[in-house]
Amino acid sequence: MASDVDIVVVGCGVSGLTSAIALLESGLRVAIWTRELPERTTSSIAGAIWYPYKVAPLERVAGWARRTFLELLPLAREEGSGVTLVRGVELLPRGVPDEGAEYRVCAPDLRELPTSDLPSGFARGFELSVPVCEMPLYLAYLVKRFERAGGRIERRTLREIDEAFDGAPRVVNCVGLAARELVGDTHMRAIRGQLVRVERGSVERFVLDDYDPRGVTYAIPRSRDCILGGTSDEGVEELTPDESVTRAILARCAELEPRLVDARVLSVAVGIRPGRSSVRLERERRARGTIVHNYGHGGAGVTLSWGCAREVLELCRADAAAPFGPSPK
Ligand SMILES: Cc1cc2nc3c(=O)[nH]c(=O)nc-3n(C[C@H](O)[C@H](O)[C@H](O)COP(=O)(O)OP(=O)(O)OC[C@H]3O[C@@H](n4cnc5c(N)ncnc54)[C@H](O)[C@@H]3O)c2cc1C
Numbered sequence: 046m047a048s049d050v051d052i053v054v055v056g057c058g059v060s061g062l063t064s065a066i067a068l069l070e071s072g073l074r075v076a077i078w079t080r081e082l083p084e085r086t087t088s089s090i091a092g093a094i095w096y097p098y099k100v101a102p103l104e105r106v107a108g109w110a111r112r113t114f115l116e117l118l119p120l121a122r123e124e125g126s127g128v129t130l131v132r133g134v135e136l137l138p139r140g141v142p143d144e145g146a147e148y149r150v151c152a153p154d155l156r157e158l159p160t161s162d163l164p165s166g167f168a169r170g171f172e173l174s175v176p177v178c179e180m181p182l183y184l185a186y187l188v189k190r191f192e193r194a195g196g197r198i199e200r201r202t203l204r205e206i207d208e209a210f211d212g213a214p215r216v217v218n219c220v221g222l223a224a225r226e227l228v229g230d231t232h233m234r235a236i237r238g239q240l241v242r243v244e245r246g247s248v249e250r251f252v253l254d255d256y257d258p259r260g261v262t263y264a265i266p267r268s269r270d271c272i273l274g275g276t277s278d279e280g281v282e283e284l285t286p287d288e289s290v291t292r293a294i295l296a297r298c299a300e301l302e303p304r305l306v307d308a309r310v311l312s313v314a315v316g317i318r319p320g321r322s323s324v325r326l327e328r329e330r331r332a333r334g335t336i337v338h339n340y341g342h343g344g345a346g347v348t349l350s351w352g353c354a355r356e357v358l359e360l361c362r363a364d365a366a367a368p369f370g371p372s373p374k
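Here the numbering used here is used: the sequence shown runs in plain steps of one and ends on residue 374.
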């Protein structure tokens, strides 16, 4: 088969774009095939704060998250990248396991707050700076970076992943939730999330409470607005925003950040996280070539993106150096 690219990446969300850039910038020829352009992907809806959420397994997630943190830091200094470093507070109520301990240490300026500084009802609090990706801007930056380096994005809707072998003998699968249909992955589960975008006002710091029994609660200031969340409804795929949920999110966020009382609502968005029992990042041999799967990042696709993309590159290199044996008859 004659082909002008070495690798086809399927999917143009944050996983597809970062994988494609890692491959392209290593000298490979890469095309992205995608049903939707970035602005219509789940990735475009994300908050998107660097923080692992609803994703497993911990031992791999921690490494991917650390690596991504390190790659986002220089981007936060790059004009027009859409990435900023935002300082804020993570709060923990009494009696919950500290699941963030593994991740939080990535922030060089991490400090535990004295109990006297905590809002009432919380047992511990941590102040730290983490990258926030303003997704519409950040995805546009990634597209530009990919295309400037010679990458090509094509609109194509595949019915099964093997169709991508028409383009190249190696395929990277970054289709998110659509892995259910494209590779018949029965481990995928939808996790619905609703966000409210409000005027930023004087909010400067993020605030995050993962453990509120009424729902995960966070406020993330961006350049021109503030993203408030959220919800996490497993198995729900309804895309219409729920007005009562919007009101509840506004109330919970105003409890944590009083500057948000009466904040003007600009828009409400719903997205479906590509949940999975564990991220699928592995090489698979098929009759027509090799697939590297990179999907199932739950509520942490942005947080893990560069770490996963670098591992995609390593797997593709390993495959070029030592391809799987001949396919079984
Ligand atoms: C409300 C909400 C808040 C979130 N907040 C955060 C956050 O703060 N931090 C964070 O790290 N993460 C967050 N996430 C999670 C994050 O958005 C996802 O993990 C991430 O976007 C997944 O990216 P992806 O590229 O794997 O998939 P997607 O963005 O879904 O991209 C999939 C791509 O595959 C393409 N595709 C699908 N089917 C086909 C087909 N048949 N043929 C060709 N192409 C196809 C699509 O068109 C798309 O381009 C949030 C998610 C939601 C919903």
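Every residue, glycine too, gets a C-beta built ideally from N, C-alpha and C. The structure presented is a predicted model; accordingly, all values stated were derived computationally and were not measured.
Alpha carbons only, please: which of I52, I90, G246, R105 is nearest the one belonging to S268?
G246
I want to check one thing, is the minimum distance from the CB of P298 to the heavy atoms of ligand 1 below 7 Å?
Reading off the sequence, residue 298 comes out as Cys, not Pro. C298: no, Cβ never under 7 Å from ligand 1.
For the stretch 49-100, list the alpha helix (DSSP H) runs that are entirely contained and at least 4 residues long, ordered along the chain.
59-69
Given the structure, does V290 come close to ligand 1, in the sense that its CB is under 7 Å from one of the ligand's heavy atoms?
no
Could you tell me the boundaries of the beta strand (DSSP E) in which I272 lies?
270-274
Whether V100 touches A345 by CB criterion (8 Å):
yes
Using the C-alpha atoms, what's the distance from P97 back to V106?
8 Å
For ligand 1, any of its heavy atoms closer than 7 Å to the Cβ of Y96?
yes
Would you report the Cα separation of F251 and S165, rounded to the nearest angstrom?
18 Å
Taking DSSP as the reference, what is the three-state secondary structure of T335?
strand
Span separating the alpha-carbon of P258 from that of G275:
12 Å
Between which two residues does the alpha helix (DSSP H) carrying F191 extend?
180-193
Residue ranges of each alpha helix (DSSP H) within the stretch 108-170, 4 or longer:
146-149
Find out if the Cβ-Cβ distance for the pair V128, L115 is shorter than 8 Å.
no
Under DSSP, the beta strand (DSSP E) around S312 begins and ends at which residues?
310-321
When DSSP labels each residue in this structure, what does P286 get in the three-state scheme?
coil
What three-state label does DSSP hand G397 in the structure shown?
This structure leaves residue 397 out entirely; the chain is present only between 46 and 374.
Ligand 1 heavy atom lying under 7 Å from the CB of N78:
Before going on, a small fix: residue 78 reads as Trp here, not Asn. Yes.
Comparing the CB of C219 with every heavy atom of ligand 1, is any distance shorter than 7 Å?
yes
Please report the straight-line C-alpha distance between E172 and C361, rounded to a whole angstrom.
39 Å
Sheet register partners of F251 (DSSP bridge):
G133
Quick check: is any heavy atom of ligand 1 less than 7 Å from the C-beta of S247?
no
Could you pull the start and end residues of the beta strand (DSSP E) that R204 belongs to?
Unbroken run through R204: none, as it is neither H nor E.
Taking the alpha carbon of A194 as the reference point, which residue from V337, S289, A65 has its own alpha carbon closest?
A65
In terms of alpha-carbon separation, which member of T63, S48, D51, V50 lies closest to P219?
Pro is not the amino acid found at residue 219; the sequence shown has Cys there. Measuring from the Cα of C219, the nearest candidate turns out to be T63.
So for S277, helix, strand or coil by DSSP?
coil
Using the three-state DSSP reduction, which class does V403 fall into: helix, strand or coil?
Because residue 403 is not part of the residues shown, which for the chain are 46 to 374, the question remains open.
According to DSSP, which residues form a beta bridge with I265?
I272
Per DSSP, which residues does Y375 bridge with? Please list them.
A query on residue 375 cannot be resolved here, the shown segment of the chain reaching from 46 to 374 and no further.
For ligand 1, any of its heavy atoms closer than 7 Å to the Cβ of A152?
no
Run of the beta strand (DSSP E) containing R215, from where it starts to where it stops:
215-218
Can you tell me whether K374 is buried or exposed, with buried defined as 16 or more other CB within 10 angstroms of its CB?
For K374, the predicted model reports a pLDDT of 38, less than 50, meaning its position is unreliable; a value from the coordinates is still stated below. It counts as exposed.
Mark S322 as exposed unless 16 or more other C-beta atoms lie within 10 angstroms of its C-beta, in which case mark it buried.
exposed
At what residues does the alpha helix (DSSP H) containing E226 begin and finish?
224-227
Just the C-alpha distance for P368 and G260, rounded to the nearest angstrom, thanks.
46 Å
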